[in-house]
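Residue numbers (this note's numbering), protein chains in the order written: chain A, 69 to 260; chain S, 69 to 260; chain G, 69 to 260; chain C, 69 to 260.
Number of protein chains: 4
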Amino acid sequence: MAIRQKCDKKRIDLLKATLHLVNNNGFHDAPMSKMAKIAEVSPATIYIYFENKQDLINQLYLEMKTLFSSFAFKNYHEEQCVKESFRQIWFNIANFKLNQVEESNFLSQCDNTPMIDEEIKREGLKHLQPLLNLWERGKQEGVIKQISPYLLYAFTIYPLAFLTNKQFKNSCELNQEKIDDAFNVAWDSIKV
Amino acid sequence: MAIRQKCDKKRIDLLKATLHLVNNNGFHDAPMSKMAKIAEVSPATIYIYFENKQDLINQLYLEMKTLFSSFAFKNYHEEQCVKESFRQIWFNIANFKLNQVEESNFLSQCDNTPMIDEEIKREGLKHLQPLLNLWERGKQEGVIKQISPYLLYAFTIYPLAFLTNKQFKNSCELNQEKIDDAFNVAWDSIKV
Amino acid sequence: MAIRQKCDKKRIDLLKATLHLVNNNGFHDAPMSKMAKIAEVSPATIYIYFENKQDLINQLYLEMKTLFSSFAFKNYHEEQCVKESFRQIWFNIANFKLNQVEESNFLSQCDNTPMIDEEIKREGLKHLQPLLNLWERGKQEGVIKQISPYLLYAFTIYPLAFLTNKQFKNSCELNQEKIDDAFNVAWDSIKV
Amino acid sequence: MAIRQKCDKKRIDLLKATLHLVNNNGFHDAPMSKMAKIAEVSPATIYIYFENKQDLINQLYLEMKTLFSSFAFKNYHEEQCVKESFRQIWFNIANFKLNQVEESNFLSQCDNTPMIDEEIKREGLKHLQPLLNLWERGKQEGVIKQISPYLLYAFTIYPLAFLTNKQFKNSCELNQEKIDDAFNVAWDSIKV
DNA sequence: CATGAATGAGCTTTCATTCAT
DNA sequence: TATGAATGAAAGCTCATTCAT
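So, in structure tokens, the structure goes:
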């Protein structure tokens with residue numbers, strides 16, 4: 069057990085180092101040697117925990133997706149009404165983007181780049197299922213527009229990625245008021 | 069004393085090759101040698117037209133931004149009412165994303181990645197000014213919510229990037245009906 | 069936990085290969101790939117032992133300077149009279165030039181070329197200090213002319229470089245008699 | 069005639085540019101493109117005046133050797149006594165080294181480097197013939213030691229290269245007094 | 001004669017990965 | 001398991017030279 073923990077530490081340090089490097093330098097300037105140095109292991113050690121660089125990136129992606137959904141559906145219970153449920157999830161995701169900046173930026177980078185294998189990306193999509201279910205319910209209850217869930221996502225959740233994009237963070241500080249505004253905009257866009 | 073002239077064709081072929089490669093393989097797997105091969109020039113020729121790889125990418129980014137805005141504000145005249153003006157621009161951008169897929173994907177990749185120099189990115193932002201002006205007018209006329217232009221952009225324009233994202237294109241074919249839906253969603257989100 | 073150790077043999081082989089190549093082809097025609105081939109290592113291995121090509125050359129220079137001084141002051145003891153001390157050192161250096169041909173030619177090449185960083189060259193100068201001290205003593209004892217040590221060096225030691233220059237070696241075979249002649253010439257030039 | 073002169077100007081500018089670059093950067097960092105830029109001609113133009121880079125360097129070497137001997141034997145008339153003749157030539161060469169620094173350094177670099185073809189180097193040696201003749205006369209007259217001309221050269225002329233070496237110029241300013249000292253040292257070394 | 005564009009070959013250096021311990 | 005050394009392949013880039021005008 070002690071050994072297992074020790075090992076996991078290295079794995080996690082490596083994932084962290086990768087996250088950090090890819091975010092700051094981009095995938096194209098994130099060599100294994102630097103990852104090893106930051107994680108304070110030997111380059112050879114990486115290959116004990118990961119098959120190769122692509123596998124390391126893929127695993128990091130999946131872990132970040134899992135982390136994302138663990139945030140997204142915190143305190144979410146299906147008993148609440150649709151709007152309140154949606155509000156809960158929306159703010160959860162907003163907080164994830166605001167507080168887990170590196171993790172969130174990494175996911176944005178992955179989603180707009182061919183750096184993750186398509187198959188892995190498809191796997192990562194599953195994490196959104198509860199939200200899709202909620203929207204289905206909303207449509208049945210007549211409180212949400214009868215449109216594709218892709219549209220619903222595009223106009224309510226996806227915009228959060230823009231608001232937390234590094235480039236605009238300086239020009240547009242996101243305070244609580246703006247976030248409340250944003251939620252209203254999001255809800256107005258899909259409510260019936 | 070007549071000499072061979074630096075022909076723009078080569079420059080354009082190189083930019084096209086770069087666009088193609090970066091889109092399909094990512095920046096990290098887009099070596100100069102492949103670009104040269106696709107553009108049918110010698111690797112050394114690239115350095116006649118561009119200082120180095122970063123300069124090539126930067127220039128491509130700026131050209132794509134210029135192309136983008138030439139699409140975005142096609143047939144846009146400030147005399148129309150705010151909603152019609154916005155509709156014009158919104159559909160222009162949607163069509164750009166739908167028809168200029170490679171150009172559009174490349175821009176998405178750049179915006180979510182540290183592959184473009186920050187200074188160049190800032191330069192690329194200028195292209196949106198007419199839209200920002202329109203929104204200002206809309207707010208003064210009381211037809212658009214009194215919120216930051218970043219929010220307006222995030223919830224109306226930015227979602228288009230999601231809808232045209234390679235990954236979802238297969239699952240969610242964007243027909244004319246869906247696009248009309250999308251515009252309504254966008255407008256609902258920011259109209260007063 | 070035992071690992072392969074950075075072995076000095078490779079480092080030395082690389083320095084030897086560099087010495088050989090630079091001497092025969094010149095710095096301008098001594099590519100890293102050839103050095104690697106001669107030293108029987110991979111080109112990448114060079115960069116484990118040296119920062120870059122300039123560092124490799126610089127280190128070689130310093131090693132050759134150290135070797136030089138280890139020859140120059142062999143069997144030199146300050147108790148002897150000035151002339152005998154000088155004779156000892158002079159013949160040591162002459163023998164170095166005659167027997168360590170490659171090492172000696174390399175140093176000549178470095179001293180007449182901007183291929184070594186100035187700072188490193190300055191460092192290499194320190195090795196002559198014992199000779200400078202001897203000359204100082206000679207001046208105090210009144211057996212050596214009261215002139216700058218640079219002149220003393222220029223007219224006694226530096227000429228040895230000419231006598232061992234590749235170009236003249238064929239025309240002027242340096243036998244023991246000639247060397248004895250040369251010493252007398254050298255001594256005559258600086259003795260009072 | 070006018071055209072011919074114009075052409076010669078380019079040839080001379082190219083030789084000057086080469087001299088300058090090789091002296092400051094070394095042969096290994098003296099690309100044809102830079103030479104062309106400094107000489108304000110096109111790279112292609114170089115190949116009108118010179119066969120290739122090696123030919124350019126070779127020709128420069130020979131021109132510098134010719135220049136050297138035109139200095140060395142200025143005002144030299146065989147009627148004077150040996151010592152005065154030698155003094156004349158020695159000071160001529162000293163002045164060449166002191167005043168034609170770039171030309172002189174270039175020759176030093178060539179003589180200690182494999183950058184000039186051996187055959188060309190041999191050709192360059194001829195320029196010293198008058199001095200060799202003088203020494204022969206000196207030996208016959210019994211005023212100069214009966215030793216190889218290589219030794220005579222090594223201990224009287226060659227030292228001048230050291231005294232004008234870039235590296236030592238700062239530490240040992242060569243004023244008129246030092247030069248007079250140096251001549252005496254030189255003469256003492258070979259006089260009977 | 002003169003040129004700027006163009007290039008294939010080759011340069012230094014880096015990288016993902018494996019080796020040997 | 002864990003490592004630093006080692007590496008073949010390939011990266012970005014430069015160069016001497018030639019091309020086309």
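Glycine is no exception: its CB is placed at the ideal position from the N, C-alpha and C atoms.
At least three beta-carbon pairs within less than 8 Å, the stretch 76-92 of chain C to the stretch 223-241 of chain G: At 8 Å Cβ cutoff, the stretches do not touch.
LYS77/S in three-state terms, based on DSSP: Against the second sequence, residue 77/S aligns to sequence position 9. Three-state DSSP puts LYS77/S in a helix.
Proximity of LEU166/C and LEU242/C at Cβ, strictly below 8 Å: Here residue 166/C refers to the residue found at position 98 when the fourth sequence is read from its first residue. Here residue 242/C refers to the residue found at position 174 when the fourth sequence is read from its first residue. Taking 8 Å as the Cβ cut-off, LEU166/C and LEU242/C qualify as a contacting pair.
Any 3 or more C-beta pairs closer than 8 Å across the stretch 209-223 of chain C and the stretch 137-156 of chain C: The stretch 137-156 of chain C and the stretch 209-223 of chain C touch, with three or more beta-carbon pairs separated by less than 8 Å.
Residues within the stretch 74-97 of chain A neighbouring chain S, beta-carbon criterion of under 7 Å: If the cut-off is 7 Å between Cβ atoms, the stretch 74-97 of chain A has ASN92, ASN93, GLY94, PHE95 and HIS96 near chain S.
Reference TYR117/S, options ASP256/S, CYS75/S, PHE174/S and GLN197/S, closest by Cα: Counting from 1 along the second sequence, the entry for residue 117/S is found at position 49. When the alpha-carbon of TYR117/S is set against those of ASP256/S, CYS75/S, PHE174/S and GLN197/S, the nearest one is in CYS75/S.
Contacts that ILE188/A makes with chain S (C-beta to C-beta distance below 9 Å): Taking the first residue of the first sequence as 1, we reach residue 188/A at position 120. Simply none; closest approach about 11 Å.
DSSP-derived helix/strand/coil call for ILE68/G: The requested residue 68/G does not occur in the structure, where chain G is confined to residues 69 to 260.
Residues within the stretch 136-149 of chain G neighbouring chain C, beta-carbon criterion of under 7 Å: Legend: CB atoms of the stretch 136-149 of chain G lying less than 7 Å from CB atoms of chain C are not found in any residue.
LEU83/S vs GLU131/S beta-carbon contact at 8 Å: Stepping through the second sequence from its first residue, residue 83/S is reached at position 15. Stepping through the second sequence from its first residue, residue 131/S is reached at position 63. Result yes, Cβ atoms of LEU83/S and GLU131/S sit closer than 8 Å.
Beta carbon of ILE215/G nearer than 8 Å to that of VAL253/C: Along the third sequence, one-based indexing puts residue 215/G at 147. Along the fourth sequence, one-based indexing puts residue 253/C at 185. Yes, Cβ-Cβ distance for ILE215/G and VAL253/C is below 8 Å.
Anticipated Cβ contact below 8 Å, LEU199/G with ILE157/G, distance rounded: In the third sequence, residue 199/G corresponds to position 131, counting from 1. In the third sequence, residue 157/G corresponds to position 89, counting from 1. Contact between LEU199/G and ILE157/G holds, with the beta-carbon distance rounding to 6 Å and staying under 8 Å.
CA-to-CA distance, ALA104/A to ASN173/A, given in whole angstroms: Locating residue 173/A in the first sequence gives position 105, counting from the first residue. Locating residue 104/A in the first sequence gives position 36, counting from the first residue. So the two alpha carbons sit approximately 22 Å from each other.
Which of helix, strand or coil DSSP assigns to ILE157/A: Here the question's residue 157/A lines up with position 89 in the first sequence. Assigned with DSSP and collapsed to three states, ILE157/A falls in helix.
Element boundaries [alpha helix (DSSP H), containing TYR226/G]: Start at 1 with the first residue of the third sequence, and residue 226/G comes out as number 158. TYR226/G: member of the alpha helix (DSSP H) spanning 226-231, first to last residue.
Buried versus exposed, by CB contacts within 10 Å (16 or more), LYS194/A: Against the first sequence, residue 194/A aligns to sequence position 126. So LYS194/A counts as exposed.
Status (buried if at least 16 other CB within 10 Å, exposed otherwise) for PRO182/C: Residue numbering aside, residue 182/C sits at position 114 when the fourth sequence is read from its first letter. Counting Cβ neighbours within 10 Å, PRO182/C comes out buried, since at least 16 surround it.
Residues, ordered as in the chain, of the stretch 197-218 of chain A that lie near chain S by beta-carbon distance below 8 Å: Cβ contacts with chain S come from LYS213, ILE215, SER216 and TYR218.
First through last residue of the alpha helix (DSSP H) which encompasses PHE136/A: Residue numbering aside, residue 136/A sits at position 68 when the first sequence is read from its first letter. Judged by DSSP secondary structure, PHE136/A falls within the alpha helix (DSSP H) whose first and last residues are 121-140.
ILE247/G - containing alpha helix (DSSP H), residue span: Position 179 of the third sequence, counted from the start, is the residue given in the question as residue 247/G. It spans 244-258 - the alpha helix (DSSP H) in which ILE247/G sits, taken as one unbroken run.
Those residues which DSSP pairs with ILE106/A across a bridge: As a position in the first sequence, residue 106/A is number 38, starting the count at 1. DSSP lists no partner for ILE106/A.
is_contact[PHE223/G, chain C] using C-beta, thresh 8 Å: Reading the third sequence from its first residue, position 155 is the one you call residue 223/G. Interface with chain C (8 Å Cβ-Cβ cutoff): PHE223/G is included.
Close-in-space but distant-in-sequence residues of the same chain around HIS127/A (CB under 8 Å, 5 per side omitted): For the purposes of this step, residue 127/A is taken as residue 59 along the first sequence, with counting starting at 1. Just to set this straight, residue 127/A is Gln in the shown sequence, not His. Excluding sequence neighbours, GLN127/A sits near LEU83 and PHE118.
Contacting residues, own chain, Cβ-Cβ under 6 Å from ASN160/S (five flanking each side not counted): Along the second sequence, read from residue 1 onward, the residue named residue 160/S stands at position 92. Closer than 6 Å at Cβ, skipping near neighbours: PHE139, ALA140 and LYS142.
Within 7 Å of chain S by C-beta, residues of the stretch 161-177 of chain A in sequence order: From the stretch 161-177 of chain A, only SER176 and GLN177 have a Cβ closer than 7 Å to chain S.
GLU170/A versus ILE258/A, ASP248/A, VAL260/A and VAL90/A, residue with shortest Cα-Cα distance: Indexing the first sequence from 1 puts residue 170/A at position 102. Minimum Cα distance to GLU170/A is reached at VAL90/A.
is_contact[MET183/A, chain S] using C-beta, thresh 8 Å: Start at 1 with the first residue of the first sequence, and residue 183/A comes out as number 115. For MET183/A, the answer is yes, since a Cβ of chain S falls inside 8 Å of its Cβ.
Residues that DSSP places opposite ILE215/S in a beta bridge: Within the second sequence, residue 215/S is the residue found at index 147, counting from 1. Note: ILE215/S sits in no beta bridge, so no partner.
Reduced DSSP secondary structure (H/G/I, E/B, other) of ALA98/S: Within the second sequence, the letter at position 30 stands for residue 98/S. In the structure shown, ALA98/S sits in coil (DSSP, three-state: anything other than H, G, I, E or B).
Contact residues within the stretch 246-258 of chain G, judged by C-beta distance below 7 Å to chain C: Look at the stretch 246-258 of chain G: the residues with a C-beta under 7 Å from a C-beta of chain C are LYS246, ASP249, ALA250, VAL253, ALA254, ASP256, SER257 and ILE258.
Chain-order list of residues whose beta-carbon lies under 6 Å from that of ASN201/S (same chain, five-residue window excluded): By 1-based counting over the second sequence, the position of residue 201/S is 133. The beta carbon of ASN201/S lies closer than 6 Å to none in the same chain, with the five residues before and after it left out.
Reference LYS133/C; option with closest CA among ASN120/C, LYS121/C, ALA107/C and GLN197/C: Residue 133/C sits at position 65 when you count from the first residue of the fourth sequence. When each option's Cα is compared against that of LYS133/C, the closest is GLN197/C.
Neighbour list for ILE123/A in chain S, Cβ cutoff strictly below 9 Å: Residue numbering aside, residue 123/A sits at position 55 when the first sequence is read from its first letter. Before going further, note that residue 123/A is Asp rather than Ile in the sequence given. Correct list: empty, because the minimum Cβ distance to chain S is about 16 Å.
Any C-beta of chain C under 8 Å from that of PHE236/G: As a position in the third sequence, residue 236/G is number 168, starting the count at 1. Yes, because at least one Cβ of chain C sits closer than 8 Å to the Cβ of PHE236/G.
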